[in-house]
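Protein chains in written order, with the working numbering: chain L, 1 to 500; chain Y, 501 to 811. All residues carry an ideal CB built from backbone N, CA and C; glycine is no exception. The structure appears below as structure tokens.
Written out as structure tokens, the structure is:
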């Protein structure tokens, strides 16, 4: 009966053919290939917890009088958005947990995208044929940062309100069109009543849909191109070596989903994030000192802090100081990120061939050095967003800290570049670097003399070219070959599949 | 023209490179820091000095008016006088008249003395040190004795304040706090560094008396909030909010992270959140040593008997 139903469906949808193809996708066994999955899973957590929050959140800037569990706000005039967020925190069962889960998941989402991106960059995984997927990934990062900022803003609390104010000013700073653009997006002058509903629709509908679509494209291209892989273990440019999706990798990935969710849930349960009840509602004439955005906006905040107060006076028009760190810097940053695959092949490697075998960072010292220097630059800017916290903690003058950051955002990349370059060159000279070492065992012989003996070689010490082995009794697609001889336990073996 | 300039730059640059590179690098790195210290720290110190000087001359002026007002008529004042002479007078002068080392204290009132002594700011760790929060040297009875003694030397100033928090409204207090205090002390009262070496201290571990006295007297670089800005009943509300909600913040979400906001949260999110996930990836992502060993062993074992290999 079940077979019949299954066959009926399968005749019409041809699921088993395409499904078989998908289930046979080979995943190389390397932990760094799973970083992107953290982002994927935390996005799922974001969707689920986000749906829960939309049930209770009121996206409105209208003024209401709050009456509820948090005493210091009782009877205060606040916006509907703020009051409903406070109610989610104190009155909705599990609401605070869901809020914190959502926020921590957002932090992990953007964080893992960045780490994933670093992995892809430093291993050269963006090279042909994956340039387009690299650009989709960069777009996903931008969208994730934007959506994080929007989500941070819509509770309408004192701290995030200051952030919206800054964003409004940054928009206004764009030459010629700034004021119009800012008024267009905010529906009039700041603060206005339209911000919250507009940000809300962008945050819960528009951006998530685009992210979902791009995520689909990102993964679709991943399947189409097949995974890239590191050298060794029989990996060549024309095959993929690893475990098939079903059952090996599915088990891994499923477990990984639950563990990622678990880590996020532990953070959500134990560590408080964004306690907006302590911040109070946003009132334009009130301000708290030392407000920072969430970390993924930190480099922009740091750039705003570090930027000297220079303005450019054109005839009849002034380009304000915030334009440079607020608009120009991210603009240049993401343009460079988008164009990097082409910049690299045109100016550095002069290599336009297809690459499925990954570089180790040392294999391309120029890329690694440039990447490290640029990353160091943004890391310094990121640190600069906490000038006040550092000055307070170290008990030094805030101005000194600021100047140290101003100097280091120029000096540190200049220092990092040659060091990274040199380390790469040195590592190239040492073929065994990064491989597992064999330890020395000291033994004493009958005469009482001591000898040192090398321990047994670790497996994988020399990655041999593995010979393919035929396996009859496993349900695998014919093009997959097993690569070791443990035919009695085929599920634990390694497999290869040719690239078309 | 441009070519000539380029040529010139090249020549100069080459000449620069001839010098000892390392020494230049160090000088380039350090010079801005010294410059900053010079231009930023010195004026700040000078302005603090000027402030103290002004204070000093004011109070010495009052001495002439109230020179005879001193004296210890009650046991409390006597105790205060003894403690003052032993612990304070070496800098603040006999009868709190001030000296070259420290300003006179006449006319400040008992409240100010009480605030500075009970917070551990006074006595200083050593003459010339910046006032810093440390455990108070005297118990509250001794502190009050010193305060009342100094206040008895001249009229004026703020008395020791004991705000009555009955019926105070924390709602109103929260609003006043956000308007008047949060711009420096931050909205969670965590305190922070201000420009030019000034700072707003954290508001944790304060008594209602200290909060009220600080608001009214404006210690260090804090402004004075007189009754025209914060009325008497508003002061009660404010003190109630600070002592209840800043001292004991409501953290139902777990660890409060010191109320410093997204900086701490970002570190946790990145290093614990993403970090743990990466460790998990590392744990389950790679083939384990055990698996590899098993693979290689099974390979090794079968090698001898194998005919299975398929070229």
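Asked	Found
Minimum Cβ-Cβ distance from residue 735/Y to chain A less than 7 Å	The chain inventory of the structure shown lacks chain A, comprising the protein chains L and Y.
Cβ shell of residue 635/Y (< 6 Å), same chain only, five flanking positions each side left out	620
At least 3 beta-carbon pairs within less than 8 Å: the segment 125-138 of chain L vs the segment 59-78 of chain L	no
Validate contact between the segment 359-373 of chain L and the segment 405-418 of chain L using beta carbons, cut 8 Å, 3 pairs	yes
Cα-Cα separation, residue 760/Y to residue 693/Y	12 Å
Where the segment 29-43 of chain L meets chain Y: residues whose CB sits under 9 Å from a CB there	29, 30, 31, 32, 33, 34, 35, 37, 38, 41 and 42
Cross-chain neighbours of residue 675/Y in chain L, by beta carbon under 8 Å	76 and 280
Within chain L, partners of residue 756/Y - CB distance below 8 Å	272 and 275
Extent of the continuous beta strand (DSSP E) to which residue 10/L belongs	Run containing residue 10/L: none in the beta strand (DSSP E); it sits in the alpha helix (DSSP H), 2-13.
Residue range of the beta strand (DSSP E) that includes residue 314/L	312-314
Neighbour-count burial assignment, residue 9/L, 16 or more Cβ in a 10 Å radius	exposed
Residue ranges of each alpha helix (DSSP H) within the segment 566-646 of chain Y, 4 or longer	575-587, 589-592 and 610-618
Inter-residue Cα distance where the pair is residue 554/Y and residue 603/Y	Note on residue 554/Y: pLDDT 41, under 50, position unreliable in the model; no value is reported.
Spatial neighbours of residue 566/Y in its chain, beta-carbon cut-off 6 Å, leaving aside the 5 residues before and after	Legend: pLDDT at residue 566/Y = 39, less than 50; position of this residue unreliable, value from coordinates given subsequently. Excluding sequence neighbours, residue 566/Y sits near 654.
Buried/exposed call for residue 734/Y, threshold 16 Cβ in 10 Å	buried
Euclidean distance between Cα positions of residue 222/L and residue 255/L	21 Å
Counterpart residues of residue 241/L in DSSP-defined beta bridges	496/L
Where residue 294/L meets chain Y, residues with beta-carbon distance less than 9 Å	762, 765, 766 and 769
Assumed close pair residue 288/L, residue 159/L - CB separation to whole angstroms, cut-off 8 Å	6 Å
Pairwise C-alpha distance: residue 727/Y and residue 650/Y	24 Å
DSSP beta-bridge partners of residue 692/Y	700/Y
Minimum Cβ-Cβ distance from residue 378/L to chain Y less than 7 Å	no
Reduced DSSP secondary structure (H/G/I, E/B, other) of residue 29/L	coil
For residue 69/L, the three-state DSSP class (helix, strand or coil)	coil
Below-7 Å beta-carbon distance, residue 290/L vs any chain Y residue	yes
Nearest candidate by alpha-carbon position, reference residue 307/L, set 74/L, 381/L and 273/L	381/L
Residue 99/L versus 27/L, 138/L, 52/L and 454/L, residue with shortest Cα-Cα distance	52/L
Stretch-stretch touch, CB-based, cutoff 8 Å, three pairs: the segment 276-284 of chain L with the segment 141-157 of chain L	yes
contact_flag[the segment 679-693 of chain Y, the segment 581-592 of chain Y] where n(CB pairs < 8 Å) is 3 or more	no
8 Å Cβ shell around residue 678/Y - same chain, five flanking residues per side excluded	687
Touching by the beta-carbon criterion (3+ pairs, under 8 Å), the segment 316-336 of chain L and the segment 395-408 of chain L	no
3 or more residues per run - each beta strand (DSSP E) lying fully within the segment 190-244 of chain L	239-244
Touch test, the segment 297-313 of chain L against the segment 693-704 of chain Y, Cβ-Cβ under 8 Å, three pairs minimum	no
Interface residues of chain L facing residue 611/Y [CB-CB closer than 9 Å]	Going along chain L, no residue has its Cβ under 9 Å from residue 611/Y, so there is no contact; the nearest lies around 26 Å.
Close-in-space but distant-in-sequence residues of the same chain around residue 467/L (CB under 6 Å, 5 per side omitted)	Because the pLDDT at residue 467/L is just 45, under 50, the model does not fix this residue reliably, and the value given afterwards should be weighed accordingly. None.
Contact check, residue 241/L vs residue 250/L, beta carbons under 7 Å	no
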